[in-house]
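Trainee:
Number of protein chains: 2
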Amino acid sequence: MLTIGKLGAAAGVKVPTIRYYEQIGLLPDAERSTGNQRLYSRAVQDRLAFIRHARELGFPLDAIRDLLGLSDRPDQSCAEVDAIARTQLIAVEGRITRLQALKGELARMVDHCAGGTISDCRVIEVLGNHAHCAADHGRHMPCVSE
Amino acid sequence: MLTIGKLGAAAGVKVPTIRYYEQIGLLPDAERSTGNQRLYSRAVQDRLAFIRHARELGFPLDAIRDLLGLSDRPDQSCAEVDAIARTQLIAVEGRITRLQALKGELARMVDHCAGGTISDCRVIEVLGNHAHCAADHGRHMPCVSE
DNA sequence: CCTAATGTCTCTAGGAACTAGAGGTTCAAG
DNA sequence: CTTGAACCTCTAGTTCCTAGAGACATTAGG
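Line order of the protein sequences matches chains A and B. When you line the first sequence up against my numbering, it's residues 1 to 146, in that order. When you line the second sequence up against my numbering, it's residues 147 to 292, in that order.
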């Protein structure tokens with residue numbers, strides 16, 4: 001059994017964040033030592049690692065709660081998880097595309113910067129170009145940039 | 147010239163968010179009509195679209211402020227700009243790396259989920275397992291954050 | 001065994017980036 | 001000229017943490 005500090009170090013999550021996750025029900029109420037300190041099993045460590053990764057990758061806590069809820073009821077069909085994962089996959093691909101455009105522009109600036117000025121900075125155009133958008137906000141809000 | 151509502155619709159940003167961006171200095175104080183309503187040029191629309199995209203990609207407002215600064219001061223010497231661009235370039239590369247890791251994991255989840263039940267999916271393991279991380283944050287090191 | 005350092009406890013408050021609401025004003029269509 | 005949508009300011013709430021205060025618990029060294 002791990003103390004909260006060890007757990008946090010192992011999962012890369014700060015101690016107050018762990019207590020916060022418990023408070024909002026994302027982690028179960030921890031067992032306590034005789035001195036009232038929280039103790040955690042390996043299973044909780046996995047759960048926390050999952051939450052941490054999912055957060056890092058942009059899932060809101062509500063979505064994470066859903067995913068965890070699904071894996072807490074292991075006899076259900078995968079359809080729902082599959083749908084969530086597919087949706088997220090498409091969004092992630094769009095993000096990567098746009099980040100690569102931005103990366104290209106930043107790299108260009110760093111290259112061209114040798115001794116000159118930035119009069120030709122085009123970062124705004126690079127990310128302003130909706131052609132690189134994933135489908136997500138293109139559908140609801142038409143891209144009116146021209 | 148656009149009203150705030152039109153601008154918001156064009157850029158996919160809610161009206162109160164635009165006023166908030168003005169308040170914190172991310173957008174310039176808008177010109178006003180005779181009736182005191184905000185009016186926006188095409189340049190502001192591009193700037194707002196940029197902010198929106200950058201936010202979507204997970205940049206904090208401070209980083210966006212830096213990025214916008216690159217194009218706001220086109221006559222400035224390269225040293226400062228170069229530093230900002232390099233810093234942001236590293237952040238972008240880190241983001242891309244982690245997103246590619248996520249993409250792989252989501253693809254894994256979709257594969258494993260095909261037609262099965264959740265007990266086969268092992269959702270927590272897939273995202274919780276550090277062995278599949280491209281961005282290495284081993285058990286004892288906190289994940290690299292930007 | 002005692003003590004000092006470190007870790008943990010609860011609780012409250014703050015911060016980032018919005019978001020929603022109240023109560024009032026302005027604009028544009030009929 | 002009226003009416004309803006869109007706008008104004010201001011305050012307060014939301015999400016997801018993060019930091020601090022003051023007190024109790026655990027552990028390594030002497």
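The beta-carbon is built from N, C-alpha and C at its ideal position, and this holds for glycine as well. Since we're looking at a predicted model, the values are computed, not measured.
With a CB to CB cut of under 8 Å and the five nearest residues on each side skipped, what residues in its chain are close to A/Thr17?
Mentor: Taking the first residue of the first sequence as position 1, residue 17 of chain A is located at position 17. Around A/Thr17: Gly8.
Trainee: Would you please state the rounded distance, in angstroms, between the beta carbons of B/Arg198 and B/Gly158? I believe it to be under 8 Å.
Mentor: The residue given as residue 198 of chain B occupies position 52 in the second sequence. The residue given as residue 158 of chain B occupies position 12 in the second sequence. About 6 Å; that satisfies the 8 Å criterion.
Trainee: What does A/Ala85 reach in chain B if we use C-beta pairs closer than 8 Å?
Mentor: Your numbering for residue 85 of chain A matches position 85 in the first sequence. Chain B residues near A/Ala85: Leu252, Met255, Val256, Cys259.
Trainee: For the region 14 to 97 of chain A, list the alpha helix (DSSP H) runs that are entirely contained and at least 4 residues long, ordered along the chain.
Mentor: 15 to 23, 42 to 56, 61 to 72
Trainee: For A/Glu56, count neighbouring Cβ atoms within 10 angstroms of its own Cβ and tell me buried if that reaches 16, exposed if not.
Mentor: As a first step, residue 56 of chain A is located in the first sequence; it is residue number 56 there, counting from the start. A/Glu56 comes out buried.
Trainee: Take the Cβ of A/Asp82 as the centre, count every other Cβ of all protein chains shown within 10 Å, and call the residue buried at 16 or more, exposed below.
Mentor: On the first sequence, position 82 is the one that residue 82 of chain A refers to. With 16 or more Cβ atoms within 10 Å of its Cβ, A/Asp82 is classed as buried.
Trainee: Does the Cβ of A/Lys103 have 16 or more other Cβ atoms within 10 Å, making it buried, or fewer, making it exposed?
Mentor: One-based indexing of the first sequence puts residue 103 of chain A at position 103. A residue is called buried when at least 16 other Cβ atoms come within 10 angstroms of its Cβ; A/Lys103 meets this threshold and is buried.
Trainee: Name the residue from A/Arg38, A/Val44, A/Gln88, A/Glu22 whose alpha carbon lies nearest to the alpha carbon of A/Ala54.
Mentor: Translated into the one-based positions of the first sequence, residue 54 of chain A becomes position 54. The option with the nearest alpha carbon to A/Ala54 is A/Gln88.
Trainee: Taking B/Val238 as the query, report the chain A residues whose CB atoms sit under 8 Å from its CB, ordered along the chain.
Mentor: Walking along the second sequence from the start, residue 238 of chain B turns up at place 92. The contacting residues are Leu99, Leu102, Lys103, Leu106.
Trainee: Just to confirm, are B/Val190 and B/Leu214 a CB contact at a threshold of 8 Å?
Mentor: Start at 1 with the first residue of the second sequence, and residue 190 of chain B comes out as number 44. Start at 1 with the first residue of the second sequence, and residue 214 of chain B comes out as number 68. No; because the gap between Cβ atoms is not below 8 Å, this pair is not in contact.
Trainee: Is there a Cβ from chain A that is less than 8 Å from the Cβ of B/Leu235?
Mentor: The residue given as residue 235 of chain B occupies position 89 in the second sequence. It does: the Cβ of B/Leu235 has a partner Cβ on chain A nearer than 8 Å.
Trainee: Please list, in chain order, the residues of the region 38 to 68 of chain A that have any C-beta partner in chain B closer than 7 Å.
Mentor: Answer in chain order: Asp46, Arg47, Ala49, Phe50, His53, Ala54, Glu56, Leu57, Gly58, Leu67.
Trainee: Please classify A/Ile90 as buried or exposed, where buried requires at least 16 other C-beta atoms within 10 Å of its C-beta.
Mentor: Position 90 of the first sequence, counting from 1, holds the residue named residue 90 of chain A. With fewer than 16 Cβ atoms within 10 Å of its Cβ, A/Ile90 is classed as exposed.
Trainee: Just tell me which of A/Glu93, A/Ala107, A/Tyr20 has its CA closest to the CA of B/Glu251.
Mentor: Against the second sequence, residue 251 of chain B aligns to sequence position 105. Measuring from the Cα of B/Glu251, the nearest candidate turns out to be A/Glu93.
Trainee: Which word fits B/Met255, buried or exposed, when buried means at least 16 other C-beta atoms lie within 10 angstroms of its C-beta?
Mentor: Residue 255 of chain B sits at position 109 when you count from the first residue of the second sequence. Buried, by the Cβ-count rule.
Trainee: Since B/Arg178 meets chain A, which of its residues come closer than 9 Å, beta carbon to beta carbon?
Mentor: Translated into positions along the second sequence, residue 178 of chain B becomes position 32. Within 9 Å Cβ-Cβ: nothing; B/Arg178 doesn't reach chain A, min ~23 Å.
Trainee: Leaving aside the five residues before and after B/Leu148 along the sequence, list all residues of the same chain whose C-beta is less than 6 Å from its C-beta, in chain order.
Mentor: One-based indexing of the second sequence puts residue 148 of chain B at position 2. For B/Leu148, where only same-chain residues beyond five positions count, the Cβ hits under 6 Å are Tyr186.
Trainee: Measure the Cβ-Cβ separation of A/Arg47 and A/Arg38 and say whether it is below 8 Å.
Mentor: Within the first sequence, residue 47 of chain A is the residue found at index 47, counting from 1. Within the first sequence, residue 38 of chain A is the residue found at index 38, counting from 1. No.
Trainee: Give me the Cα-Cα distance between A/Ala30 and B/Asp218, rounded to the nearest whole angstrom.
Mentor: Residue numbering aside, residue 30 of chain A sits at position 30 when the first sequence is read from its first letter. Residue numbering aside, residue 218 of chain B sits at position 72 when the second sequence is read from its first letter. Rounded to the nearest angstrom, the two C-alpha atoms are 51 Å apart.
Trainee: Using a Cβ cut-off of 8 Å (strictly closer), state whether A/Arg95 contacts chain B.
Mentor: The residue you call residue 95 of chain A lines up with position 95 of the first sequence. Yes, contact with chain B.
Trainee: Out of B/Ile230, B/Gly204, B/Pro206, which one is the CA nearest neighbour of B/Leu216?
Mentor: On the second sequence, residue 216 of chain B is found 70 positions in, with the first residue counted as 1. Measuring from the Cα of B/Leu216, the nearest candidate turns out to be B/Ile230.
Trainee: Using the C-alpha atoms, what's the distance from A/Arg86 back to A/Ile64?
Mentor: For the purposes of this step, residue 64 of chain A is identified with residue 64 of the first sequence, where counting begins at 1. For the purposes of this step, residue 86 of chain A is identified with residue 86 of the first sequence, where counting begins at 1. So the alpha carbons of these two residues sit roughly 15 Å apart.
Trainee: Considering only DSSP beta bridges, list what A/Thr3 is partnered with.
Mentor: For the purposes of this step, residue 3 of chain A is taken as the residue at position 3 of the first sequence. Answer is A/Leu39, bridged to A/Thr3.
Trainee: Rounded to the nearest angstrom, how far is the Cβ of A/Ile96 from that of B/Ile170, given a contact under 8 Å?
Mentor: The residue labelled residue 96 of chain A in the question sits at position 96 within the first sequence. The residue labelled residue 170 of chain B in the question sits at position 24 within the second sequence. About 29 Å; that fails the 8 Å criterion.
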